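Before any comments, here is the structure.
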Amino acid sequence: MKLDAEMNALKKSSFSWMNEAVGSRPAKAALKDLGQAFQNFFRRAKAGEKPGYPKFKKRGRCKESFYVSGERLQFEGKKIRLPKLGWVKMAEVVRFPGRIRSARFSKRAGNWFVSVQVELAESWSYSHCCENQAVVGVDLGVRNLAVPSKGDPTPAPRALRFYEKRLKRLQREMARRTRGGANWNKTKLKLQKCHEKIANIRRDVTHKLTSGLVKNFRFIGVEDLNIKGMVKNHHLAKSVADAAMAEVRRQLEYKAPLAGGVVVLADRWFPSTKTCSACGHVLEHLALSERQWRCPSCETTHDRDFNAARNLERIAAEYAVKARRAGGSGSDLRCETALVEAGTKQSTRRKS
Numbered sequence: 407m408k409l410d411a412e413m414n415a416l417k418k419s420s421f422s423w424m425n426e427a428v429g430s431r432p433a434k435a436a437l438k439d440l441g442q443a444f445q446n447f448f449r450r451a452k453a454g455e456k457p458g459y460p461k462f463k464k465r466g467r468c469k470e471s472f473y474v475s476g477e478r479l480q481f482e483g484k485k486i487r488l489p490k491l492g493w494v495k496m497a498e499v500v501r502f503p504g505r506i507r508s509a510r511f512s513k514r515a516g517n518w519f520v521s522v523q524v525e526l527a528e529s530w531s532y533s534h535c536c537e538n539q540a541v542v543g544v545d546l547g548v549r550n551l552a553v554p555s556k557g558d559p560t561p562a563p564r565a566l567r568f569y570e571k572r573l574k575r576l577q578r579e580m581a582r583r584t585r586g587g588a589n590w591n592k593t594k595l596k597l598q599k600c601h602e603k604i605a606n607i608r609r610d611v612t613h614k615l616t617s618g619l620v621k622n623f624r625f626i627g628v629e630d631l632n633i634k635g636m637v638k639n640h641h642l643a644k645s646v647a648d649a650a651m652a653e654v655r656r657q658l659e660y661k662a663p664l665a666g667g668v669v670v671l672a673d674r675w676f677p678s679t680k681t682c683s684a685c686g687h688v689l690e691h692l693a694l695s696e697r698q699w700r701c702p703s704c705e706t707t708h709d710r711d712f713n714a715a716r717n718l719e720r721i722a723a724e725y726a727v728k729a730r731r732a733g734g735s736g737s738d739l740r741c742e743t744a745l746v747e748a749g750t751k752q753s754t755r756r757k758s
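Here it is in structure tokens:
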């Protein structure tokens with residue numbers, strides 16, 4: 407590779423500090439990433455897509471990271487040995503036994519993180535998997551992040567709302583500083599830590615919620631929500647983004663197969679909130695402000711979120727029955743979509 411040879415020549419004359427830091431491997435990995443970025447650029451340009459020319463990642467302005475191959479790494483408990491740097495403490499041990507292929511180190515909000523790629527000898531699954539055929543429906547929302555048909559609701563963390571005043575104050579403070587100065591960098595770090603705090607709160611809530619669902623239920627019914635469309639509503643955009651409903655679905659879809667479960671998606675046009683879970687009557691109109699409603703057919707009073715969860719549970723139960731009749735539990739399928747026509751109880755299913 408010509409760039410690699412030119413870089414080696416320049417390091418000896420102009421950039422001798424590069425070998426003194428973490429060796430030559432990170433520099434080679436950076437050139438490899440650059441080559442891949444240009445390959446993607448030309449591939450998208452030929453295909454007529456928006457190409458996106460690779461951008462120069464200036465130090466201090468972009469995410470700082472470097473890559474180290476697995477043969478150059480050693481792990482021992484909560485420590486990792488890096489070339490040139492020696493042993494470095496970590497917050498936790500590597501949880502997956504196997505061959506270490508690579509590790510990428512990145513700096514975020516003043517802290518360093520390592521993402522380790524491990525080649526497993528055998529397929530991995532949750533140590534405590536759901537062995538029964540339990541079914542649950544989960545209604546995702548802004549006020550309550552998740553309302554299951556069985557169990558207690560999970561309130562939305564609203565982390566952005568809680569830290570919104572602090573973010574505004576730090577942004578105004580940063581705007582008054584001289585760009586690139588010492589005080590500007592200090593305020594920038596405070597702002598980064600605040601954003602990191604918000605993201606960590608969301609991660610904690612969503613991971614605990616989804617892990618609990620996939621470990622306790624085999625079939626999980628959720629709606630195929632149009633999150634991008636919901637964000638276009640300027641009255642709800644901030645609350646919808648703050649709730650991270652799309653992240654809940656994403657985590658369910660990759661965690662459920664690891665626990666031997668199936669996520670059943672209801673069609674986004676299915677009126678789960680307006681359909682009576684007792685008799686099946688469908689309301690013509692239900693305002694968003696109406697948190698409870700009474701069915702005009704059977705006179706049952708419903709909480710709108712719990713009622714939607716019950717309807718989603720019914721869809722998941724229908725799929726579970728069909729899976730059992732077909733001679734399987736459905737655990738071999740990564741994700742199933744239940745397509746339900748608006749205002750009816752008839753459903754079909756397709757793989758997604």
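Under the working numbering, the first residue of the sequence shown carries the number 407, and numbering increases by one thereafter.
All C-beta atoms in this analysis are idealised placements derived from N, C-alpha and C, irrespective of residue type, glycine included.
Values in this document were obtained by computation on a predicted structure and should not be read as measured data.
- By the Cβ-count criterion, H691 is exposed, with fewer than 16 other Cβ atoms from all chains shown falling within 10 Å of its own Cβ.
- Contact check for F472 against A435 passes: the beta carbons are separated by less than 9 Å.
- In the DSSP assignment, G627 falls within the unbroken beta strand (DSSP E) covering 625-629.
- Beta-bridge partners assigned by DSSP to E482: K485.
- Shortest Cα-Cα distance from G504 to any of I486, F519, G476 involves G476.
- Sequence-distant partners of K556 (beyond 5 residues in either direction) whose C-beta falls short of 6 Å from its own C-beta, in its chain, are V542.
- Separation of L671 and K634 (C-alpha to C-alpha, rounded to the nearest whole angstrom) is 17 Å.
- Between A552 and D648, the CB-CB gap reaches or exceeds 9 Å.
- Membership of V620 in the alpha helix (DSSP H) is indicated by the continuous run 588-622.
- By the criterion of a C-beta distance shorter than 7 Å, D410 is surrounded in its chain by K434, L437, once the five residues flanking it on both sides are discounted.
- Between the C-alpha atoms of T679 and V544 there is a straight-line separation of about 12 Å.
- The alpha-carbon of E470 is positioned some 17 Å away from that of V522.
- Note: F519 is bridge-paired with S512 in the DSSP secondary-structure output.
- In terms of CA proximity to L694, D709 leads the group Y725, C701, D709.
- Distance between E653 and T612, taken at the CA atoms: about 7 Å.
- Counting the other Cβ atoms within 10 Å of the Cβ of K661 gives 16 or more, which makes it buried.
- Beta-carbon to beta-carbon, G667 and F625 are separated by about 7 Å, close enough to satisfy the 8 Å threshold.
- For A565, the secondary structure class from DSSP, reduced to helix, strand or coil, is helix.
- The three-state secondary structure of G543, taken from DSSP, is strand.
- Counted as a single uninterrupted DSSP element, the stretch harbouring A672 is not any alpha helix (DSSP H) but the beta strand (DSSP E) occupying residues 668-672.
- Shown here for V494: same chain residues with a beta carbon closer than 8 Å to its own, the five before and five after excluded, namely K485, I486, R487, L488 in chain order.
- Non-local beta-carbon contacts of N713 in its own chain, meaning distances under 6 Å to residues more than five positions away in sequence, involve S683 in chain order.
- In the DSSP annotation of this structure, the continuous segment of the alpha helix (DSSP H) that includes K418 starts and ends at 408-419.
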